[in-house]
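Since the structure comes first, as structure tokens, the remarks are kept for the end.
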Amino acid sequence: MTANTALPVVSIVGRPNVGKSTLFNRILGRREAIVEERPGVTRDRKALEAEWLGTHFELVDTGGWMPSGNELDDKVSAQSEKAIEDSDLIVLVVDGTTGMTEEDGRVASLLRRADVAVLLVVNKIDSPLRDVDIWEFLSLGLGDPLGVSALHSRNTGDLLDQIIGALPAAEPESPDDVEEEEVSNVDEI
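Below, the structure is given as structure tokens:
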């Protein structure tokens, strides 16, 4: 995992197979994360620099959060929890085709206790006809959900606008960081 501590950190979290890696690739604009139909493909965090409208941030893809007692699942979940601790913003991805699950509720509960801003994204909302499917996720208590389709790029620009709007404000430059403007000489009369 690369870490550029000068950039704000945005981590994508959620249970397995909700489209986190597909969304990661869509935001980056290129395929960096492996995407397959079967769950559990992403196991470690992967962080890369992303940019939207001139704002740069570190984007982190995580494995599916699913503590089950299985040693591998617990390790993957621990990586997701570490990403949450290290983040300035969390994008919680849930699956609009399966509806809300107990696992979604457990992740949401963890995020409500964390001291970090959260955007709730309902993925796999491939057409406006599916927009109604997002509202059941209000009960997670994480604010208004945004329906997207990472696969088809639906509403991903809106998501990026929300990400940029939710990031902490950049530190103002100190006078030492600003280059002095050149002053032109004025001829004396």
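Taking my numbering, I'd label the letters of the sequence shown as residues 196 to 384. Glycine included, every Cβ here is placed at the ideal spot set by N, Cα and C. Quantities reported herein were computed from a predicted structural model and do not represent experimental measurements.
Report task. Measure the C-alpha to C-alpha separation of Val286 and Gly214 and round it to an integer number of angstroms. Result -> If you number the sequence shown from 1, residue 286 lands on position 91. If you number the sequence shown from 1, residue 214 lands on position 19. Roughly 12 Å between the two C-alpha positions.
**Report entry** Cβ-based neighbour list, Glu244, same chain, cut-off 7 Å, excluding 5 preceding and 5 following
**Finding:** As a position in the sequence shown, residue 244 is number 49, starting the count at 1. Excluding sequence positions up to five before and after Glu244, its CB lies within less than 7 Å of the CB of Asn199, Leu202, His251 and Glu253, all in the same chain and listed in chain order.
Query raised in the report: Considering only the beta carbon of each residue, do Leu306 and Leu333 sit closer than 8 Å?
Result: As a position in the sequence shown, residue 306 is number 111, starting the count at 1. As a position in the sequence shown, residue 333 is number 138, starting the count at 1. Against a cut-off of 8 Å, the Cβ pair of Leu333 and Leu306 comes out as no contact.
Query raised in the report: For Ser207, which of helix, strand or coil comes out of DSSP?
Result: Counting from one through the sequence shown, the residue named residue 207 turns up at place 12. Just to set this straight, residue 207 is Ile in the shown sequence, not Ser. Here Ile207 sits in strand by DSSP.
Query raised in the report: Taking Leu315 as the reference, which of Glu297, Arg325, Ser322 and Gly291 has the closest Cα?
Result: As a position in the sequence shown, residue 315 is number 120, starting the count at 1. Comparing Cα positions, the closest option is Gly291.
Query raised in the report: Skipping 5 residues on each side, what residues in its chain have a beta carbon closer than 8 Å to that of Ala312?
Result: Numbered from 1 along the sequence shown, position 117 holds the residue referred to as residue 312. Result list for Ala312: Asp283, Leu284, Ile285 and Ala361, in chain order.
Query raised in the report: According to the Cβ coordinates, are Ser443 and Asp326 closer than 8 Å?
Result: No statement about residue 443 is possible, as the shown extent of the chain runs from 196 to 384 and does not include it.
Query raised in the report: Trp260: buried (16+ other C-beta within 10 angstroms of its C-beta) or exposed?
Result: For the purposes of this step, residue 260 is taken as residue 65 along the sequence shown, with counting starting at 1. Flag for Trp260 reads buried.
Requested in this report: Whole angstroms is fine: what's the gap from Gly294's alpha carbon to Ile329's?
Outcome: Indexing the sequence shown from 1 puts residue 294 at position 99. Indexing the sequence shown from 1 puts residue 329 at position 134. Using only the alpha carbons, I get a separation of about 8 Å.
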